[in-house]
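A.B. asks: So in the working numbering, spot 295 of the sequence shown is number 416, and the numbers just go up one at a time.
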Amino acid sequence: MDKKTAEIEIKELREKILYHSKLYYEKDTPEISDYEYDMLYKRLGELEAEFPQLDSPDSPSHKVGGKAGDKFSKVTHIVKMGSLTDVFSYEELEAFVDKSKATLKEEGINDLMFSVEPKIDGLSVGLTYENGVLVQGATRGDGTVGEDVTENILAIKAIPHRLKEPVSITVRGEVYMPRAAFIRLNAEKEEAGEKLWANPRNAAAGSLRRLDAKEAGSRGLDIFVFNLQAGSLYTDGREAATHEETVLRMGELGLPIIKMLAVTGEADEIVSAIEKLGAQRDDLEYDIDGVVIKTNKLSYRDLLGENTNTPKWAVAYKFPPEQKETKLLDIALQVGRTGVITPNAVLEPVRLAGTSVSRATLHNIDIIKSRDIRIGDTVIVQKAGDIIPEIVSSVAAKRDGSEKEFSFPEFCPSCNEKLFYDSDEEGTGAIRCLNAACPAQLERRLIHFASKGAMNIEGMGPSVVSLLINEGLVASAADIYTVKAEDVEKLPRMGKKAAANLISAIEKSKTAGAARVLFGMGVRHIGEAASEAIINQFGSINALFDADVQALCQVEDVGEIMAESLVSFFALPETAELVSRLSEYGVELEGAKAEPKGDSLAGQTFVLTGTLSSMTRGEAGEKLKALGAKVTGSVSAKTTCVVAGESAGSKLDKANALGIKVIDEQEFLKLIN
């Protein structure tokens, strides 16, 4: 490879790593597996080593992945919480052992030993105790500055608030979410119709960063403490000679430690220990993504030294994702709330990462085509992040001619309406059913229609919606307004009081306003802010039947794609029937622009992003507008301030890039009060 080609690839790799690093460490919403991320990082390191003239001090290869967020106060670590060099093969591991031995041999040392312990897949934290009392808990952040999450740390049951002896120490540990807690949390999120966590690591990180300590404590988080931070502000007063001794000492003090700890000095013995831990992965109550190998004798670490960002006396061996071959028996289609038809692979059951896998996601038609996946193929399956099964590729060499190429049907498998192909927000192909009355979409649509951001029908959650559908009481959003109390009280787990409350909430929702009705309809690309802006411009739901793309694009924050989506939706006969029935049952379809109650925020433009714990974004927007502010759906140079809640995304990034003021939920509450 020549220098110019290397320079281009290095630039692309750095951009990708920075992007995915932000998602992983700061947003807890990774888009690629840990292994794919590690491979990007590894490739960058190889190129920088081959072309040292292209290396740069600000390269991601010289930094710890994350940085402290803005929701919590900052903590500067007394001892840097660095990362480790990753190795992905036994050859690389053997090279590390040989190099360490050679370095120490020059000093006349021949008794090098290593500790071997599992690498917990969680969030790294530092705990500081003064006179035996926990006084601070902080995330790693960028290794130098982290977030003060003491209140949430105190809510984790496994962490002692007081040690067994009145010592002052700083220790490092890994907060993780046990698999059972992860399964329970995702089941709750699925029941509520919320986005699921991809894996326990991201669930643990997201939970620890909750602003509500009580909520963070309810997530079932746990911890293993693995390092006594030598050289910190505090010391135990004892002189330990080895890492093994420090781990045992932390256990004596009452801290939860990793009990699987082996000490050995030969590469083949280390490999055996790794294989033993790897074989135990499926039986553990928590996820491990590798094994940490450290020089056991603490004095030898000073002799081996440090790299720019990682120690030379330790490495992390990363497990590759487990892959297995199986047969693709069929491709089944699933219709989502927004009408996206998702293909799912039906597999001959195979044991993978501790569970039996019989289904896997195929994402979209483009994936099936690009990977040349055919029904009847032998396919390679893996679990992305050890959680979500996916097909990596087909094994073309094992085809016998009986395999069949897959093609999407022309009509929806649920309602038999014509399907449409387009590109989704990420630019990948999607097949959609645009029929608002499609039965397969019905349950998700009704849950959305009744949600807080839309019609806000209290008591009409996923389980109640499912009951109403199963009993034949509702088949569209309009049917909600025909439900009678006597029908509801006969349903399982309901009764007279619950039925009366539900009917009251349904009746109350009739006056929610046209903007909420529009958002509740679930038109693709049309969110809460856009719904309100559109109604403010056009005045009513009925006016949208005559609106064209050009007119809709005149509404602030409404682009061509949004306008086309709205025009297509209001061209459907099912939409006309829905609107007619809603009007017949007394649902308010006219716009009612709220008059400002004050002018303290007059002339200022706000954007809301992420999730607020105290109210919905819609409710927050109403409070801002009541003070004279303008609320829009996108960040621009005209934006005065961005209110960033939990899991704030690209809007927050854009605000930071433009230098626009950003406030968190606590500051927002002070502002509106």
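Even glycine gets a Cβ: it sits at the ideal position worked out from N, Cα and C.
Thinking C-beta only, is A620 closer than 8 Å to G609?
C.D. replies: Strictly speaking, residue 609 in this sequence is Val, with Gly absent from that position. Yes, the pair counts as a contact, with Cβ atoms nearer than the cut-off.
A.B. asks: Could you tell me if F691 is buried or exposed, where buried requires 16 or more neighbouring beta carbons within 10 angstroms of its beta carbon?
C.D. replies: buried
A.B. asks: Under a three-way DSSP split, which group does L374 fall into?
C.D. replies: coil
A.B. asks: Find the nearest neighbour of G399 within the set N663, Y438 and A561, judged by alpha-carbon distance.
C.D. replies: Y438
A.B. asks: Per DSSP, which residues does S245 bridge with? Please list them.
C.D. replies: E295
A.B. asks: Return yes when the Cβ of L134 is within less than 8 Å of the Cβ of R164, no when it is not.
C.D. replies: yes
A.B. asks: Roughly how many whole angstroms lie between the Cα atoms of V208 and T431?
C.D. replies: 13 Å
A.B. asks: By the DSSP assignment, the alpha helix (DSSP H) with G327 in it spans what residues?
C.D. replies: P321 to L329
A.B. asks: Below 7 Å CB to CB, which residues in the same chain sit around N417 once its five sequence neighbours on both sides are set aside?
C.D. replies: M234, F235, S236, T363, H364, E365 and V384
A.B. asks: Looking only at its chain, what residues have a beta carbon closer than 6 Å to the beta carbon of P796, apart from the 5 residues adjacent to it on each side?
C.D. replies: Outside the displayed range of the chain (122 to 794) lies residue 796, so it cannot be described from this structure.
A.B. asks: Taking 7 Å as the limit between beta carbons, can you name the residues of its chain near R495, skipping five residues before and five after?
C.D. replies: S515, E524, K525, E526 and F527
A.B. asks: Does the contact criterion of 3 or more C-beta pairs under 8 Å hold for the stretch 754-770 versus the stretch 598-608?
C.D. replies: no
A.B. asks: Would V783 be called buried (16 or more neighbouring beta carbons within 10 Å of its own) or exposed?
C.D. replies: buried
A.B. asks: Within 10 angstroms of its Cβ, does V500 collect 16 or more other Cβ (buried), or is it exposed?
C.D. replies: buried
A.B. asks: Opposite L424 in the DSSP bridges: which residues?
C.D. replies: Per DSSP, none; premise fails for L424.
A.B. asks: How would you call S630, buried or exposed, if buried means at least 16 neighbouring beta carbons within 10 angstroms?
C.D. replies: buried
A.B. asks: Which residue wins for smallest C-alpha separation from K448, given the options T463, K433 and V467?
C.D. replies: V467
A.B. asks: Excluding five sequence neighbours on each side, which residues of the same chain lie with their C-beta closer than 6 Å to the C-beta of D498?
C.D. replies: L449, S515 and E524
A.B. asks: Between G707, P613 and T696, which lies nearest to T632 when the distance is taken from Cα to Cα?
C.D. replies: G707
A.B. asks: Helix, strand or coil for S734? Go by DSSP, reduced to three states.
C.D. replies: coil
A.B. asks: Among the residues of its own chain, which have a CB less than 8 Å from the CB of S535, if the five just before and after it don't count?
C.D. replies: V456, C554, C559, P560, A561 and Q562
A.B. asks: Rounded to whole angstroms, what is the Cα-Cα separation between P173 and K504?
C.D. replies: 36 Å
A.B. asks: Just curious, the beta strand (DSSP E) that G264 is in, first and last residue?
C.D. replies: It is not in any beta strand (DSSP E) - G264 carries neither H nor E in the DSSP assignment.
A.B. asks: Return the residue from the list I647, G616, G580 and A599 that minimises the CA-CA distance to S625.
C.D. replies: G580
A.B. asks: Which of helix, strand or coil does DSSP assign to K782?
C.D. replies: strand
A.B. asks: Mind checking V254: buried by the 16 CB within 10 Å criterion, or exposed?
C.D. replies: exposed
A.B. asks: Using DSSP's beta-bridge definition, name the partner residues of K751.
C.D. replies: T726
A.B. asks: Need the endpoints of the beta strand (DSSP E) that K448 sits in, please.
C.D. replies: Q444 to V456
A.B. asks: State the DSSP-derived secondary structure class of L745, mapped to helix, strand or coil.
C.D. replies: helix
A.B. asks: Reducing DSSP to helix, strand and coil, say where V346 ends up.
C.D. replies: In this structure, V346 counts as strand in the three-state DSSP scheme.
A.B. asks: Apart from the five residues on each side of it in sequence, which residues of its chain come closer than 8 Å, Cβ to Cβ, to I378?
C.D. replies: F345, V346, F347, V368, L369, M371 and G372, listed in sequence order.
A.B. asks: Given a threshold of 16 other Cβ atoms within 10 Å of its Cβ, counted over all protein chains shown, does G780 qualify as buried or as exposed?
C.D. replies: exposed
A.B. asks: How is the alpha helix (DSSP H) around T363 delimited, first residue to last?
C.D. replies: Unbroken run through T363: none, as it is neither H nor E.
A.B. asks: Looking only at its own chain, which residues have a Cβ that is under 8 Å from the Cβ of M683, when we skip the five neighbours before and after it?
C.D. replies: H646, I647, A651 and L673
A.B. asks: When you compare the CB positions of E268 and A259, do they come within less than 8 Å of one another, or not?
C.D. replies: yes
A.B. asks: Any contact of the stretch 294-301 with the stretch 391-409, i.e. 3+ C-beta pairs under 8 Å?
C.D. replies: Yes, since at least three Cβ pairs between the stretch 294-301 and the stretch 391-409 fall closer than 8 Å, the two stretches touch.
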